Structure formats: structure tokens, C-alpha cells
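S.K.: Chain order of the listed sequences is A and B. In this text, residue positions in the first sequence follow my numbering: the first is 829, and each later residue adds one. In this text, residue positions in the second sequence follow my numbering: the first is 829, and each later residue adds one. Just so it is clear, CB atoms sit at the ideal spot from N, CA and C, and this is done for glycine as well. Computed from a predicted model, the values in this text were never measured in an experiment.
Number of protein chains: 2
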Amino acid sequence: MLQTDLIKGSIRTIVLKLLKENGRMYGYEITRKVEELTSGKIRLTYGALYPVLHKLESEGVLVTEAENFNNRIRIYYSLTEKGHSLVREKVMELLEFIESLQSIVSPQTGPSYA
Amino acid sequence: MLQTDLIKGSIRTIVLKLLKENGRMYGYEITRKVEELTSGKIRLTYGALYPVLHKLESEGVLVTEAENFNNRIRIYYSLTEKGHSLVREKVMELLEFIESLQSIVSPQTGPSYA
DNA sequence: AATAATATATAAGATGTTTATATAATGTAA
DNA sequence: TTACATTATATAAACATCTTATATATTATT
């Protein structure tokens, strides 16, 4: 597992992107999906995930629906219209950030006339 | 400029990598180099940079040399042996992290038999 | 003379994350 | 049938990290 503090700051974007791709999801499902997509390299903790979800809700970025499943309450989160445009922004920002990181840590991949 | 909270957690690795590539550097020079490499997209703030440098020094990862330049003191930072092996670790970790992020935000780039 | 750029640094406040903890139902293996 | 793993949501305390504001001072440029 990675689980370094690199994850700091990207949880919001990850959550938003997953909700965009998968429609509505519940918290546990989000953590599973992240593990699946990253081959277990990234694991969101609930102490980090739920505060993010609650904040996004209070900002009007997503809405919740509580449903009963097997005598348990399951809370589904889905993007609002505002959420959808935020995803686009945030994902672009993340891609730019990744590019920037790469230009620091990776050697130039320009033409090599070798 | 990006300057989102995505940078959180990657400053250490960025600093370490730059010191490895450039030998010794001083604080201001580090911020310049990051701006240069990222076309101004990432800007380290001093409030973030200096605490990181001081912490790395206290951990024995880097050492300082104060030199006089134009009537001003300039403090050069360079990696110790311990620092050199930490860079390798941290950069690998960052590359893995980038890969993980990409598998979340980017579409699969597998063979497309189209 | 004023401003921008160079240069290091700290404190206060804000934010975000980990770790620990609580609760509870269902499925599974011994 | 007991114990454990998995499913499921959630909060509080502690910790780490970052931004913003601030201080200081020299040199170069307009």
C-alpha cells in the first residue's frame, strides 16, 4: 500500500470523479472502488472520507439519499448540477498537477536523436 | 497558477529530487526552479518550504552551509548519504502515486482493438 | 525616490488526515 | 454456536501540514 501523505488534497477530486463515473455511490463503496482501481495502492480512511463527503454536501456539490438495505441504512451520494461542473474543473486541475509533478521528477521525454 | 491543495504532501519529495539533480541549492533557488520546471504552475511558499527544509535537516537528510554572497548570507542545502537513499524511495513512491491517480482520473489506455 | 527582485525566516490560523473508537448486521468457517 | 471477517456509517482527539501575514535587508531597475 502507498498510504503516504501524498494523498492529501486529492481526496475531493477522487471522490468527485468516482461519483461522476458511477452515478450514485455509498461511502464504503467509494473506498472499495479506489482500492480496486489502484490495485490496493490507495486506501481512503473513513476519518478522511466522511468529513469530505459531508463538506461537499454542505457546499451543494452532492446530495444524499438514505435507503434501507438488509435492515441497514445505506447512504447514497450523488452529484448535483453544481457538482458536475466542479468535477470537470477539479479533474483538469489534477491532470495539470500530475503533469507538473512529472516535469519535476521525470527526465524529459523529448526527441532523443540517438 | 495551480496552487491548489494538491501540492500538500509532495513538497518533501519535490525538494529532495531537486537537491539530487542540482547538488546544493538555496531556498529561493528551489522556489525558482520549481516555477521554471512547471512553467509557473507550482509555486512553493516560503512558509511551507522553510519548515520542510529545517525538518529534513533535523532528520539528518540534508546539511546546510552558510555562505556570504553580496553582503548577504545565503544558506545552501545539500543531501547527506541518508538523503540520497531517501530520494530514491520518495521518488518511486511519487511515481506510483501518480500512476494510481491516473488509473482513477484517466480512461484506460489498454489495447483498443478498434 | 520608489519599486521590484533577491533572500531568509517565523507565528498564527486554517485545513486536512490519521488513529482510535463506537455501533451494528450479515455471512462464513471452525 | 461461537468467533471472526466483512459490510456499513460516523465522530473526536491528536497530529501534521500549509497559507497568509509579517519582519528584515540588500541590490537592481525605472
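Suppose the cutoff is 8 Å on Cβ atoms and the five residues either side in sequence are ignored; what does the same chain contact list for Glu893(A) look like?
M.R.: To locate residue 893(A), count along the first sequence from 1; it is residue 65. Cβ neighbours of Glu893(A) beyond the five flanking positions: Arg852, Ile903, Tyr904 and Ser906.
S.K.: Looking at the structure shown, is Asn896(A) part of a helix, part of a strand, or coil, going by DSSP?
M.R.: Here residue 896(A) corresponds to residue number 68 of the first sequence, with the count starting at 1. Asn896(A) falls in the strand class under three-state DSSP.
S.K.: At which residues does the alpha helix (DSSP H) containing Ser934(A) begin and terminate?
M.R.: Your numbering for residue 934(A) matches position 106 in the first sequence. Segment: none, Ser934(A) is in no alpha helix (DSSP H) and carries neither H nor E.
S.K.: Report yes or no: is there a C-beta of chain A within less than 8 Å of the C-beta of Val889(B)?
M.R.: Translated into positions along the second sequence, residue 889(B) becomes position 61. So no, Val889(B) is outside the interface.
S.K.: Applying the 10 Å Cβ sphere with the 16-neighbour rule, what's the burial state of Lys845(B)?
M.R.: For the purposes of this step, residue 845(B) is identified with residue 17 of the second sequence, where counting begins at 1. Buried, since its Cβ has 16 or more Cβ neighbours within 10 Å.
S.K.: Examine chain B for any beta-carbon lying closer than 8 Å to the beta-carbon of Thr866(A), and answer yes or no.
M.R.: Within the first sequence, residue 866(A) is the residue found at index 38, counting from 1. Answer yes: the Cβ-Cβ gap between Thr866(A) and chain B drops below 8 Å somewhere.
S.K.: Between which two residues does the alpha helix (DSSP H) carrying Leu881(B) extend?
M.R.: As a working mapping, residue 881(B) is identified with position 53 in the second sequence. Unbroken alpha helix (DSSP H) run through Leu881(B): Tyr874 to Ser886.
S.K.: Please report how far the alpha carbon of Arg916(B) lies from the alpha carbon of Lys869(B), in whole angstroms.
M.R.: Looking up residue 916(B) in the second sequence gives position 88. Looking up residue 869(B) in the second sequence gives position 41. Distance between the alpha carbons of Arg916(B) and Lys869(B) is about 24 Å.
S.K.: Distance check for Val880(B) and Ile839(B), CA to CA, integer angstroms please.
M.R.: Here the question's residue 839(B) lines up with position 11 in the second sequence. Here the question's residue 880(B) lines up with position 52 in the second sequence. So the alpha carbons of these two residues sit roughly 8 Å apart.
S.K.: With 8 Å set as the bound, which would you pick, yes or no: does the beta-carbon of Gly855(A) sit closer than that to a beta-carbon of chain B?
M.R.: Reading the first sequence from its first residue, position 27 is the one you call residue 855(A). No, because no Cβ of chain B sits closer than 8 Å to the Cβ of Gly855(A).
S.K.: Whose CA, out of Val862(A), Leu914(A), Asp833(A) and Tyr854(A), lies closest to the CA of Arg900(A)?
M.R.: Position 72 of the first sequence holds residue 900(A). The residue with the shortest Cα to Cα distance from Arg900(A) is Tyr854(A).
S.K.: Alpha helix (DSSP H) containing Gly828(B): first to last residue?
M.R.: The structure shown does not extend to residue 828(B), since chain B is modelled only from 829 through 942, so no value can be given for it.
S.K.: Which residues does DSSP list as the beta-bridge partners of Val891(A)?
M.R.: Residue mapping note: residue 891(A) aligns to position 63 of the first sequence, counting from 1. Per DSSP, Ser906(A).
S.K.: How many Å lie between Gln930(A) and Phe897(A) at the Cα?
M.R.: Taking the first sequence and counting its residues from 1, the one referred to as residue 930(A) is at position 102. Taking the first sequence and counting its residues from 1, the one referred to as residue 897(A) is at position 69. Each residue's alpha carbon lies about 44 Å from the other.
S.K.: Run the CB neighbour count on Asn886(B), radius 10 Å, all protein chains shown included, and call it buried at 16 or more, exposed below.
M.R.: Along the second sequence, one-based indexing puts residue 886(B) at 58. Note on identity: in this sequence residue 886(B) is Ser, with Asn being the wrong assignment. Counting Cβ neighbours within 10 Å, Ser886(B) comes out exposed, since fewer than 16 surround it.
S.K.: Near Ile835(A), which residues of its chain fall below 7 Å by C-beta distance, leaving aside the five closest residues on each side in sequence?
M.R.: The residue labelled residue 835(A) in the question sits at position 7 within the first sequence. Result list for Ile835(A): Ile870, in chain order.
S.K.: When DSSP labels each residue in this structure, what does Ile835(A) get in the three-state scheme?
M.R.: Here residue 835(A) is taken as the residue at index 7 of the first sequence, counted from 1. Three-state DSSP puts Ile835(A) in a helix.
S.K.: Where does Glu927(B) sit, in a helix, a strand or coil, going by DSSP?
M.R.: Stepping through the second sequence from its first residue, residue 927(B) is reached at position 99. Glu927(B) falls in the helix class under three-state DSSP.
S.K.: Less than 8 Å between the CB atoms is what I'm expecting for Gly911(B) and Val889(B), so what's the real figure, rounded?
M.R.: Position 83 of the second sequence holds residue 911(B). Position 61 of the second sequence holds residue 889(B). Contact holds; Cβ gap of about 4 Å.
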